[in-house]
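Residue numbers (full-length UniProt numbering), protein chains in the order written: chain A, 1 to 382; chain B, 1 to 382; chain C, 1 to 382.
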């Protein structure tokens, strides 16, 4: 396998987000760079981190700067080019075959259509279950009417979507109770929520209801797992807490996508081995850990069957994250295949096939992307 | 230390299982290859995995095929040779000095005597505590009679066994309550179980009772820990959950063997460091993670005192697993000793001694194998 | 960056302990070497471990012995030199710029002043919150008077201290309840404790009260996290259990120092990324894992911003631990910087700056060591 073979393979990014449209000063840039809220009074600049170093190494050249450009020079150049040009350059540099965009973040971000146009690739929508519920509440509903309203809106959105996503991890954790909740239970839970005046839904019964409704549609179901910002209780979103639910979902055949998983990516690999419908990725962690992306890949693939491992960036806000995730993933896969074949553990003749599985073929199969064009609303000009 | 020194050392496999006697088609083979139930509709063949690659690399030559033979060719050759010949070849190739066989799985598998004959090595019995309890229930007992019946049968089986094994991890997890249960508590728990009509015992009081009965006999006590099939709740079988019980067992001097442990092998190493009677292995994970076995070994030995680390395959069903675990373990130990002495961290002159500890001497000491012949029932012809 | 650059950098050891004054026989030496209580009947000598090998490799030469001296020779030479000389040699060899000494262990150990004199560096005091509470109880207090007595004594001790330390991990775990306890709650909890007759405080309300009192003084607050002896429930001291408290403490700006963290150092790195005031180290694990210290460093720095990573030895009892932690840390940092710049992931020109951050600059900034001399009681003669 040629050294540059990985470079030639377009990636399917099966979980990503929109980008900010505005120009960013240093504070705003650092605030979007990691899952932290930015450089603090004690820790110094976030350019001093794995991801910060990776930006200087891999992103600077995309903006026409030398490798390892100083942070100030990098931010100056970024400002000079402007957000549109920067977004365009990094989306193109990522080399994507397709994007599955979680549209659940209400901020003014680039839409899937716009992302697809920048990337020169079809962009599909991933519908966030909790966002749907919160839309219904905002539009006005009764507790008794909620379950039907949710099912209806879900069915309508399912037509244009390639997947659903649950952020239960952020709201109640992943330790779901057994069984599908009855409509009476949902009415009661919805009543508690709607009367609380809190916009965000955070009730185990509700999130479990969303999951079981989603499963009806046969689309892959994505779960945020573990690593995220300071709003998630990481220990309550260990993927192993999903074990009971995964036993219940196995017979449905619904593909379950465990996103991010760090630092529980080995645990996620175990689940991918023992449940026929479970897939894993290490999105978000790939770009945040910079030159350690290779180590994460190796650990994740200890148990994960190679047909169950997916690529995602989980890029959000900064277009650099699309590029960084892609370049670090390609390098990690390339280095793994090089070393595993060099020591004769894996046959050299299989390496190109495995590379294609990891970069796109597994996602294409799991999401049936060959069978569906991006829907009308999200179809790109390419 | 010569490159081939590890090849020359026979292994004591302190925890393994019987093999299937029948010929296997592809579906059956893949169903026994990992802890999953086989190739699913989404993930493709399980030959595309670390263990699948390892089978092609290390097992194909044992069947007279070239390294990295294609899966179809491998399975054809296997069928051509027949299960007996395949079992024989892999058991011999494993290079075992002794086997400690968990006989708790009731399926028609090769017996310890048969395994020992194939391996050309003595085979000892490990008695599974839960299987004993379930035998008693199947034979008929009263709740009030259960405790005595268990103690009697345990004493009888202890005479021919080298160890006991608890699969509490599979039934109730490893978070045991404090103290030895009273006979009254056992009667109550046995009553609940016997009247439930469920064959499998799954009650914290019962499993705790088994453990405390086993401890009376002074034999090593094995615990299934963490990694297993989809029937185990891995997060409920974190070895750290045993901390309280291990504090109680330390004064008894009973050797406690933590099996498998992945992905909590570092946690297990911690327990082996702080409790004088705790031993660890990474059986099952060794062959499942293929070329990553070296990484697991290194992580496990971060804290584990070198006299507390054991070899096991946890092979079950497929004879390939006996060979794979052995070859991957030997290579991992060899590579570790080579690198740790090459960088002068460890003295070269100690390497052969450490190799002998890891492969057999630690197990021989912990199980007192020099003091006991395989019992009459399990003595092999060699 | 020159190969020896790291050797030239003095370390700030932000968490360490006193040393024993007496000569040690083999049993006593092995009893202090790891977190275990010594060589057991099954596991053989603790020289057969990562740390044992590291002692022979790195400590033998400091005592004038060849690299990899045999354990008996090492202990003979140690006895010949005597505890004072051995303490002096290793403290000097560690190459410290400053020490922050946890004085909470009541055994007759070297004091901070004495340690500072041996090390030729200023020694500062870290006040253990639980020790303070237990002093108050020993001196006599009422339940109703406890809260004020604690606040008064804390204020007095804060004047001479650089930090506080909580060992809640050892007593109740790290899953604190929300909010600052009221004085009435403290009175009730203190009443339970004082009337129990148990010397050690172990009550969630009490430990939480200590934390919130400490925060008033603005000094960094150290938490024992995870790895320790057999008295800690490691799974109850996962740093992620602090997530709720860290959310509450973030607005106070109090630097929170997560100590040790193994095997949850990646989890700790996540917390350091998402909370502006959280710092991490891998003290204790650094010397216990010997040649694996490099691996721990790499894993910890996956998410930890480079300005939030500190050095500590957590040395206790044996002066070897001061030297081992220092030499293994310097080698690990040196090797990381060498490799990360050699593969062009990080710019070579930044390496010396990062080395200075990790060895001393981060600690100097977080503890404001430039602003304060060691207090009168602890000022050293150098």
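Just so it is clear, CB atoms sit at the ideal spot from N, CA and C, and this is done for glycine as well.
In this text, all values refer to a predicted model and were calculated from it rather than measured experimentally.
With burial defined as no fewer than 16 other Cβ atoms inside 10 Å of the residue's Cβ, what is the status of residue i: buried or exposed?
| i | result |
| --- | --- |
| residue 384 of chain C | The structure shown has nothing for residue 384 of chain C, since chain C only spans 1 to 382. |
| residue 268 of chain C | buried |
| residue 265 of chain A | buried |
| residue 27 of chain B | exposed |
| residue 101 of chain C | buried |
| residue 235 of chain C | buried |
| residue 231 of chain B | exposed |
| residue 67 of chain A | exposed |
| residue 123 of chain A | buried |
| residue 319 of chain C | buried |
| residue 368 of chain B | exposed |
| residue 377 of chain B | With a pLDDT of 44 at residue 377 of chain B, under the threshold of 50, the modelled position of this residue cannot be trusted; read the value that follows with caution. Exposed, because fewer than 16 other Cβ atoms sit within 10 Å of the Cβ of residue 377 of chain B. |
| residue 281 of chain B | buried |
| residue 312 of chain A | buried |
| residue 157 of chain A | buried |
| residue 12 of chain B | buried |
Please tell me whether residue i has its Cβ less than 9 Å away from any Cβ of chain B.
| i | result |
| --- | --- |
| residue 223 of chain A | no |
| residue 262 of chain A | no |
| residue 270 of chain A | yes |
| residue 243 of chain A | yes |
| residue 4 of chain C | no |
| residue 296 of chain C | yes |
| residue 313 of chain C | no |
| residue 217 of chain A | no |
With C-beta atoms as the reference, is residue i less than 9 Å away from residue j?
| i | j | result |
| --- | --- | --- |
| residue 209 of chain B | residue 180 of chain B | yes |
| residue 296 of chain A | residue 214 of chain A | no |
| residue 306 of chain A | residue 279 of chain A | no |
| residue 15 of chain B | residue 109 of chain B | no |
| residue 125 of chain A | residue 112 of chain A | yes |
| residue 273 of chain A | residue 349 of chain B | no |
| residue 242 of chain B | residue 260 of chain B | no |
| residue 32 of chain B | residue 317 of chain B | yes |
Can you give the Cα-Cα distance for residue i and residue j, rounded to whole angstroms?
| i | j | result |
| --- | --- | --- |
| residue 246 of chain C | residue 174 of chain B | 30 Å |
| residue 357 of chain B | residue 3 of chain B | 17 Å |
| residue 212 of chain C | residue 226 of chain C | 21 Å |
| residue 57 of chain B | residue 199 of chain A | 56 Å |
| residue 106 of chain B | residue 20 of chain B | 12 Å |
| residue 256 of chain B | residue 258 of chain A | 35 Å |
| residue 54 of chain B | residue 29 of chain B | 14 Å |
| residue 202 of chain A | residue 196 of chain A | 11 Å |
| residue 345 of chain A | residue 292 of chain A | 22 Å |
How close, in whole Å, do the beta carbons of residue i and residue j come, if the pair is a contact with beta carbons under 8 Å?
| i | j | result |
| --- | --- | --- |
| residue 290 of chain B | residue 240 of chain B | Their Cβ separation, rounded to whole angstroms, is 27 Å, which puts residue 290 of chain B and residue 240 of chain B out of contact at 8 Å. |
| residue 191 of chain B | residue 147 of chain B | About 11 Å; that fails the 8 Å criterion. |
| residue 42 of chain C | residue 60 of chain C | Their Cβ separation, rounded to whole angstroms, is 27 Å, which puts residue 42 of chain C and residue 60 of chain C out of contact at 8 Å. |
| residue 94 of chain B | residue 322 of chain B | 4 Å |
| residue 276 of chain C | residue 250 of chain C | 6 Å |
| residue 89 of chain B | residue 63 of chain B | 7 Å |
If we define contact as Cβ-Cβ less than 9 Å, is residue i a contact residue for chain C?
| i | result |
| --- | --- |
| residue 281 of chain B | no |
| residue 274 of chain B | yes |
| residue 193 of chain B | no |
| residue 35 of chain A | yes |
| residue 133 of chain B | no |
Determine, for residue i, whether the minimum Cβ-Cβ distance to residues of chain A falls below 9 Å.
| i | result |
| --- | --- |
| residue 14 of chain C | no |
| residue 1 of chain B | no |
| residue 304 of chain C | yes |
| residue 76 of chain B | no |
| residue 235 of chain B | yes |
Is any heavy atom in the ligand FAD found nearer than 8 Å to the beta carbon of residue i?
| i | result |
| --- | --- |
| residue 361 of chain A | The ligand FAD is not part of the structure shown, which contains no ligands of any sort. |
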